[in-house]
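Have a look at the structure below, then the notes.
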Amino acid sequence: MAHRILTGIKPTGQLTLGNYLGVLKHLPKIQNDGESFIFIADLHALTLPIEPNDLKQNSIDIAAFYLAAGLDPNKATLFLQSSVSTHAELNAIMQNYLYMGELSRMTQFKDKSSKMNQNSIGLGLFAYPVLMACDIILYDADIVPVGEDQVQHVELTRDLVNRFNNRYGETLVLPKAVMQKVGARIMSLSDPNKKMSKSDPKGDIYLKDDLKTIRKKIMSAVTDMGDEIKYDQVNKPGISNLLTIYACCKDLTIQEAENQFKECHRYGDFKKAVADAVCDELEPFQKRYQEIIENKSYIDVLKQGAIKAKKVADATLIKVKKKVGLLDVE
Ligand code: AQP
154 MAHRILTGIK
164 PTGQLTLGNY
174 LGVLKHLPKI
184 QNDGESFIFI
194 ADLHALTLPI
204 EPNDLKQNSI
214 DIAAFYLAAG
224 LDPNKATLFL
234 QSSVSTHAEL
244 NAIMQNYLYM
254 GELSRMTQFK
264 DKSSKMNQNS
274 IGLGLFAYPV
284 LMACDIILYD
294 ADIVPVGEDQ
304 VQHVELTRDL
314 VNRFNNRYGE
324 TLVLPKAVMQ
334 KVGARIMSLS
344 DPNKKMSKSD
354 PKGDIYLKDD
364 LKTIRKKIMS
374 AVTDMGDEIK
384 YDQVNKPGIS
394 NLLTIYACCK
404 DLTIQEAENQ
414 FKECHRYGDF
424 KKAVADAVCD
434 ELEPFQKRYQ
444 EIIENKSYID
454 VLKQGAIKAK
464 KVADATLIKV
474 KKKVGLLDVE
């Protein structure tokens with residue numbers, strides 16, 4: 154059977170090189186691996202405080218970035234999560250089949266909520282994995298391309314699917330998280346032990362940064378003791394991260410990237426090579442993004458995408474409603 158693929162990005166801030174190397178860069182291949190549903194997870198972005206204008210602009214940017222990365226609307230369905238109300242409807246049902254104990258053990262919830270005032274943590278942040286499970290389930294997705302940090306949520310979706318199918322009989326498709334071999338976790342340039350994350354701006358490279366700024370950020374990235382260019386996450390996290398970035402941009406394995414710098418014993422020269430690789434990768438991507446923003450071609454793509462996505466999602470919702478015993482009089 155052909156694969157069904159689902160992947161999304163939340164418009165919580167400016168996209169980073171981590172989002173690009175973890176997911177966006179691989180879209181041209183992803184959309185050829187099966188029928189793909191690619192979405193902007195705007196409802197998820199409301200789980201943390203965000204200015205309405207920022208949410209709008211971030212959503213537009215993600216749509217344009219997807220298209221600039223090579224998403225072909227004739228192959229993949231691109232849509233806004235909030236345009237397909239079925240996500241919220243299925244959420245109302247599925248929230249009863251995931252348990253509070255499970256949700257409170259999610260690393261993302263623990264990380265994000267620990268930085269907040271304990272009296273103002275929204276229910277949506279806690280229940281985030283329920284909605285994410287619905288995103289996946291609605292499209293019968295068997296493959297979910299993600300960065301490392303989202304794997305735990307896909308695992309929870311699998312628990313939910315198994316629980317539901319055991320109770321009501323085979324209904325939902327069991328999804329699998331798929332990570333890139335290289336680039337599943339790009340780290341911060343200022344603290345290579347922390348993920349590069351759009352809500353934690355220190356050490357980020359933004360996809361909208363100009364090339365000069367990108368170069369400057371890479372040249373001042375934190376490195377490690379010694380002068381060897383070697384992949385060693387424990388003792389050389391900074392160099393390992395830069396090697397990973399280089400390997401991703403050049404489509405190399407880590408080993409191949411390491412081999413290229415065997416004779417190099419100057420971090421400055423290595424960083425310059427990394428900066429060149431990132432700029433070569435992002436320059437044409439940024440040009441395409443600019444064109445898409447100027448001609449607003451994302452609007453029609455999102456409209457058509459929502460119509461296509463809703464058809465598929467509604468079919469799953471009807472199936473689920475029947476199974477749980479909700480009366481259908483339409
Ligand atoms: N640093 C990263 N390296 C590799 N992949 C990454 N992704 C995010 N950061 C990295 C992957 O990009 C996809 C979209 O992520 P998201 O924005 O929906 O959520 P996130 O994982 O929570 O990303 P951020 O940047 O850390 O966002 P905030 O700060 O808003 O929570 C996912 O597949 C993700 O794994």
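Residue numbers (my numbering): 154 to 483. Every residue gets a Cβ at the ideal spot worked out from N, C-alpha and C, and that includes glycine. Fair warning: this is a prediction, and the values are worked out from it, not measured in the lab.
Determine the DSSP secondary structure at residue i, reduced to helix, strand or coil.
i	result
ASP492	Outside the displayed span of the chain (154 to 483) sits residue 492, for which this structure offers no information.
ASP385	strand
LYS163	coil
GLY356	coil
PHE423	helix
THR366	helix
HIS197	helix
SER350	strand
ARG441	helix
HIS418	coil
THR376	coil
What separation, rounded to the nearest whole angstrom, lies between the Cα atoms of residue i and residue j?
i	j	result
ASP207	GLY166	8 angstroms
PRO226	ILE445	13 angstroms
ILE191	ASN272	34 angstroms
SER266	CYS417	43 angstroms
LEU199	LYS209	11 angstroms
GLN439	SER236	27 angstroms
VAL482	ALA430	59 angstroms
TYR292	THR469	7 angstroms
THR169	LYS461	29 angstroms
ASP404	LEU278	35 angstroms
LYS476	LEU256	24 angstroms
ILE398	LYS415	17 angstroms
LEU233	ILE193	5 angstroms
ILE471	ARG320	17 angstroms
SER343	ALA374	6 angstroms
ASN315	LEU309	10 angstroms
ARG258	ASP264	10 angstroms
GLY478	PHE317	13 angstroms
ASN394	LEU435	18 angstroms
ASN139	ALA241	The shown model of the chain, from 154 to 483, leaves out residue 139, and the question about it has no answer.
LYS449	LYS351	24 angstroms
ASP362	GLY322	50 angstroms
Are residue i and residue j closer than 8 angstroms when you measure CB to CB?
i	j	result
HIS197	TYR281	yes
ILE407	ALA400	yes
ASP357	VAL326	no
ALA217	LYS178	no
ASP288	GLN261	no
LEU243	LEU180	no
CYS432	LEU364	yes
ILE339	ALA428	no
PRO328	VAL176	no
ASP467	THR324	no
TYR442	ASP380	no
ALA229	GLN184	yes
LEU201	TYR250	no
ILE162	GLY187	no
MET349	GLY171	yes
PRO354	PRO390	no
GLU409	LEU396	no
GLN305	VAL283	no
Enumerate, from N- to C-terminal direction, the unbroken alpha helix (DSSP H) stretches of 4 or more residues contained entirely within the stretch 272-339.
Runs of the alpha helix (DSSP H) inside the stretch 272-339: 276-279, 281-291, 304-321.
So within the stretch 181-239, which uninterrupted beta strand (DSSP E) runs reach at least 3 residues, ignoring any that extend past its ends?
Within the stretch 181-239, complete beta strand (DSSP E) segments of at least 3 residues are found at 187-193, 229-233, given in chain order.
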